[in-house]
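Those letters in the sequence shown? Residues 502 to 1088, by the working numbering. Built from N, CA and C at the ideal position, the CB exists for glycine as well.
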Amino acid sequence: MTRIHVLPGDLVNQIAAGEVVERPSSVVKELVENSLDAGATRVDVEINGGGVRWISVTDNGTGLPRSSARLAFQRHATSKIRSAEDLAGVRTLGFRGEALPSIASIARVRMRTRAHGETVGTELVGEGDGISGVSEVACPEGTRVEIADLFARVPARRKFLKSIATESTHVVRWLERIALAHPEVRFSLSREGRSSLLLLPTRDARERVIAVLSPGLGERLVPVAGEIPFARLTGFASPTDLQRGNTSDIHLYVNKRPVRDRLLLYAVREVYRDALAPGKHPVVALYLDVDPEQVDVNVHPAKWEVRFRQPDAIRRLLRDSLVAALGLGARRYASTLPARGYPLEGVVAESAPADFALASTGEQGSPPFAAVSEAPLVSQPGFAFASLRYLGQALGTFLVFEGPGSLILMDQHAAHERVLFERMRQMLLEGKLERQALLLPVRFELGRSAADVLAGASELMERSGFELEIGEGGLRGGVRVGVRTVPAVLTGRRNTDWRALLEETATALREPEAQESRDGLEGALHRILSTAACHAATRKGDRLGPRDVEGLLQSLDETIWFPNCPHGRPILSVLSEADIERRFLRR
Ligand SMILES: Nc1ncnc2c1ncn2[C@@H]1O[C@H](COP(=O)(O)OP(=O)(O)OP(=O)(O)O)[C@@H](O)[C@H]1O
Ligand SMILES: [Mg+2]
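Following this line, the structure appears as structure tokens:
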């Protein structure tokens, strides 16, 4: 049992294939990437049985010369790098010399290839451990690879595959993903014998985006561009009023390689966070061109993630370019609050106070909340709130106003929540978030895991104004929690349910991204403050007197304007005079 032995070659390959080839779409991805590395301007893909029965990829790239073709299926044989320096500066999509041998270890393969200028081509056939046949063949210039019976020799894998339709959809998604970064290449896909995708070559990246995304979507995206000394960003992004229910249209590329990199995703989310409703996502296709020396692409088995040498600079590039492209313009926090009235255009923040560093997280760079402090300022309302004429409260929660040439409905809860949130955030930034001891100390039991989360975040909670006593767990699993202080701005409302507030804060903090290093700290503070603001804000059904409304309007004028509550719900709905007249057929 304990004797060590070396595994046979084909088993080694099969194990390695587990990392490279998860499903048919991974094979398509590897083959198409090889075609692009070979400079192809045309790539035709065919699949049958969802790609399990059959895959072929044909390209018009450089092809392989007779002399080296037979090495294509040898493990660690590649034409793309020779040395560690090459690896550090790699520009091609492939570099490991692993894809073809891995695929050959779990399927039957045939490759026909002819190099430009050579009169005859080479055919290689193989299955399992190595290539069993090499012969001369007449074939067009370029390369065609055929894969049959994927996973036939690895039944365990086969069991994990989904239906033909699902596997085909994965293939389509991958092809589209790759095509988005290569507009100058013509791509076609035939599925179960029927043509299912044809993307004509174009020089205009936007045209390709329009062709790939759902109809009507690509047209609405705005161009993004930005540059720093070692990197350039181009691409397209959705305006903040376009929202999607999932992340499948967030397309990110590093040197034309599709990635799902956490840092880049975070930078995108950071810009949209305050503008989109919860659970909603933007549509973006962003292409980052980085000096290859500045990025390590060899950190993830499927090359899904990369590592930047200067992550902060990259993140700032993304954020600033997106903010500019979306017209979010002026920065959010001026060092002195702007005078009342609008417009605010041209107000640019000084950077956040330098001493605003939280517990060290081992990362250098800007303090955790500073990024949020530079978050976007979206479309000004174009009037001073104090100038609105209050008409009354409707349906228990909407305040009705007459504004300049318009009728305005305001969600009292969303508005108040935004005011409280911004006040706390501003005070936090300035290091003067006041706490207030509760008149009647509040004590209650929380579940063990909620209490643990709060105890773990005690420093953040204190910074946010919450001083808590977290006791020992009782026998039944509950933990006694006492609230000593809360942020002073929150004490205006009677009957705030502090227990519910803390429970919800714990839930918010438990979300996975809240726990990650610096990025997570910002998110965590955002969550603590927005949960607190939401609980302490006026509710639906609360009756507001004219005084309360006046106070709210004044606060809105003093708060830097943002059109949504921190959870993404809009604050205002404006009906223009023209809209109203149209309803009465006066126009
Ligand atoms: N379509 C193609 N046209 C021309 N050459 C090809 C093509 N496909 C593969 N090759 C050659 O075969 C070699 C091996 O391909 P393989 O995909 O296994 O490795 P790689 O692309 O070098 O690295 P990676 O494992 O990261 O993909 C490549 O380096 C390339 O020289
Ligand atoms: Mg490859």
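query = Which residues share a DSSP beta bridge with ALA1001?
reply = Locating residue 1001 in the sequence shown gives position 500, counting from the first residue. Answer is none; ALA1001 lacks a bridge partner.
task = Give the C-beta separation of LEU753 and LEU743 to the nearest angstrom, bearing in mind that I take them to be a contact with Cβ-Cβ under 8 Å.
result = Here residue 753 refers to the residue found at position 252 of the sequence shown. Here residue 743 refers to the residue found at position 242 of the sequence shown. With 8 Å as the limit, LEU753 and LEU743 do not qualify as a contact, their Cβ atoms being about 18 Å apart.
key: According to DSSP, residues forming a beta bridge with PHE661   = The residue given as residue 661 occupies position 160 in the sequence shown. According to DSSP, which records beta bridges pairwise, PHE661 is partnered with nothing at all.
query = Can you check whether the CB of PRO759 is closer than 8 Å to the CB of ALA682?
reply = Counting from 1 along the sequence shown, the entry for residue 682 is found at position 181. Counting from 1 along the sequence shown, the entry for residue 759 is found at position 258. Yes.
query = Could you give the distance in angstroms between the alpha-carbon of LEU508 and the alpha-carbon of ASN514?
reply = What you label residue 508 is simply residue 7 of the sequence shown in a count that begins at 1. What you label residue 514 is simply residue 13 of the sequence shown in a count that begins at 1. Distance between the alpha carbons of LEU508 and ASN514 is about 10 Å.
ask   = Tell me the DSSP bridge mates of SER907?
value = Position 406 of the sequence shown, counted from the start, is the residue given in the question as residue 907. Answer is GLY904 and SER1077.
Residue(s) in a DSSP beta bridge with SER696 = The count along the sequence shown starts at 1 and reaches residue 696 at position 195. In the DSSP output, where bridge partners are listed per residue, SER696 has SER691.
inquiry  = Quick check on the burial criterion: 16 or more other C-beta atoms within 10 angstroms. Buried or exposed for HIS617?
reply    = Here residue 617 refers to the residue found at position 116 when the sequence shown is read from its first residue. Counting Cβ neighbours within 10 Å, HIS617 comes out exposed, since fewer than 16 surround it.
key: Residue span of the alpha helix (DSSP H) that contains GLN1055, given as start and end   = The residue you call residue 1055 lines up with position 554 of the sequence shown. 1047–1059 is the span of the alpha helix (DSSP H), which, as asked, contains GLN1055.
task = Mind listing which residues have their beta carbon within less than 6 Å of any non-hydrogen atom of ligand 2? Chain order is fine.
result = GLU531, GLU534, ASN535, GLY595 and ALA600
inquiry  = ligand 1 and SER580: does the residue's C-beta get closer than 7 Å to at least one heavy atom of that ligand?
reply    = The residue labelled residue 580 in the question sits at position 79 within the sequence shown. True, at least one ligand heavy atom lies under 7 Å from that Cβ.
ask   = Rounded to a whole number of angstroms, what is the C-alpha to C-alpha distance between GLU677 and ARG709?
value = Against the sequence shown, residue 677 aligns to sequence position 176. Against the sequence shown, residue 709 aligns to sequence position 208. Rounded to the nearest angstrom, the two C-alpha atoms are 10 Å apart.
query = Tell me the DSSP bridge mates of ALA518?
reply = Residue 518 sits at position 17 when you count from the first residue of the sequence shown. According to DSSP, ALA518 bridges with nothing at all.
ask   = Using the C-alpha atoms, what's the distance from ASP790 back to GLY983?
value = Mapped onto the sequence shown, residue 983 falls at position 482. Mapped onto the sequence shown, residue 790 falls at position 289. About 52 Å.
task = Give a yes or no on whether 8 Å exceeds the smallest Cβ distance from PRO641 to chain E.
result = Absent from the structure: chain E. Only one protein chain is present.
ask   = Where does the unbroken alpha helix (DSSP H) through PRO525 begin, and where does it stop?
value = Within the sequence shown, numbered from 1, the residue matching residue 525 stands at position 24. Its alpha helix (DSSP H) spans residues 525–538.
ask   = Can you tell me the Cα-Cα spacing of LEU889 and ASP1058, whole angstroms?
value = In the sequence shown, residue 889 corresponds to position 388, counting from 1. In the sequence shown, residue 1058 corresponds to position 557, counting from 1. Using only the alpha carbons, I get a separation of about 11 Å.
Coil, strand or helix - THR1006 by DSSP = As a first step, residue 1006 is located in the sequence shown; it is residue number 505 there, counting from the start. Three-state DSSP puts THR1006 in a helix.
key: Simplified DSSP state of SER1031, which is helix, strand or coil   = By one-based count along the sequence shown, residue 1031 stands at place 530. Looking at SER1031 - three-state DSSP - the assignment turns out to be helix.
key: Euclidean distance between Cα positions of ALA952 and ALA1033   = For this step, residue 952 is matched to residue 451 along the sequence shown. For this step, residue 1033 is matched to residue 532 along the sequence shown. Going by the C-alpha atoms only, they are around 17 Å apart.
query = Helix, strand or coil: how does DSSP classify TRP1062 here?
reply = For the purposes of this step, residue 1062 is taken as the residue at position 561 of the sequence shown. Reduced to three states, the DSSP call for TRP1062 is coil.
query = Any chance the CB of ALA653 is under 7 Å from a heavy atom of ligand 1?
reply = Numbered from its first residue, the sequence shown carries residue 653 at position 152. No, the Cβ of ALA653 stays beyond 7 Å of every heavy atom of ligand 1.
task = Check whether the stretch 594–602 touches the stretch 514–523, taking contact to mean three or more Cβ pairs, one atom from each stretch, closer than 8 Å.
result = yes
task = Check whether the Cβ of GLY510 sits closer than 7 Å to any heavy atom of ligand 1, and report yes or no.
result = Position 9 of the sequence shown holds residue 510. Not so, every heavy atom of ligand 1 lies at least 7 Å from the Cβ.
message = Can you tell me where the alpha helix (DSSP H) holding ALA895 begins and where it ends?
response = As a first step, residue 895 must be located in the sequence shown, where it is residue number 394. No alpha helix (DSSP H) holds ALA895; the beta strand (DSSP E) holding it covers 890–895.
task = Could you tell me which uninterrupted alpha helix (DSSP H) segments, each at least 4 residues in length, are contained entirely in the stretch 696–759, listed from first to last along the chain?
result = 706–713
Pairwise C-alpha distance: ILE548 and SER669 = Indexing the sequence shown from 1 puts residue 669 at position 168. Indexing the sequence shown from 1 puts residue 548 at position 47. Cα-Cα distance, rounded: 8 Å.
task = Would you kindly check if the distance between the Cβ of VAL772 and the Cβ of VAL824 is under 8 Å?
result = Locating residue 824 in the sequence shown gives position 323, counting from the first residue. Locating residue 772 in the sequence shown gives position 271, counting from the first residue. Yes; because the gap between Cβ atoms is below 8 Å, this pair is in contact.
task = Reducing DSSP to helix, strand and coil, say where PHE899 ends up.
result = As a first step, residue 899 is located in the sequence shown; it is residue number 398 there, counting from the start. Three-state DSSP puts PHE899 in a strand.
ask   = Are the stretch 528–536 and the stretch 657–666 touching, with three or more C-beta to C-beta distances below 8 Å?
value = no
key: Enclosing alpha helix (DSSP H) for VAL954 [first to last residue]   = Here residue 954 refers to the residue found at position 453 when the sequence shown is read from its first residue. Residues 949–957.
message = Mapping the DSSP letters down to three states, classify THR1039 as helix, strand or coil.
response = The residue you call residue 1039 lines up with position 538 of the sequence shown. Of the three classes helix, strand and coil, the one that applies to THR1039 here is coil, per DSSP.
key: CA-to-CA distance, TRP675 to ARG1040, given in whole angstroms   = The residue you call residue 1040 lines up with position 539 of the sequence shown. The residue you call residue 675 lines up with position 174 of the sequence shown. Their Cα atoms are separated by approximately 46 Å.
query = Residues in its own chain within less than 7 Å of ALA938 by CB, not counting five upstream and five downstream?
reply = On the sequence shown, position 437 is the one that residue 938 refers to. Only ARG985 and THR986 meet the Cβ criterion.
ask   = Is the beta carbon of ALA768 less than 8 Å from the beta carbon of LEU819?
value = Position 267 of the sequence shown, counted from the start, is the residue given in the question as residue 768. Position 318 of the sequence shown, counted from the start, is the residue given in the question as residue 819. Cβ atoms of ALA768 and LEU819: closer than 8 Å.
inquiry  = GLY598 and ARG567 - do their beta-carbons sit closer together than 8 Å?
reply    = Counting from one through the sequence shown, the residue named residue 567 turns up at place 66. Counting from one through the sequence shown, the residue named residue 598 turns up at place 97. For ARG567 and GLY598, no; Cβs fall outside 8 Å.
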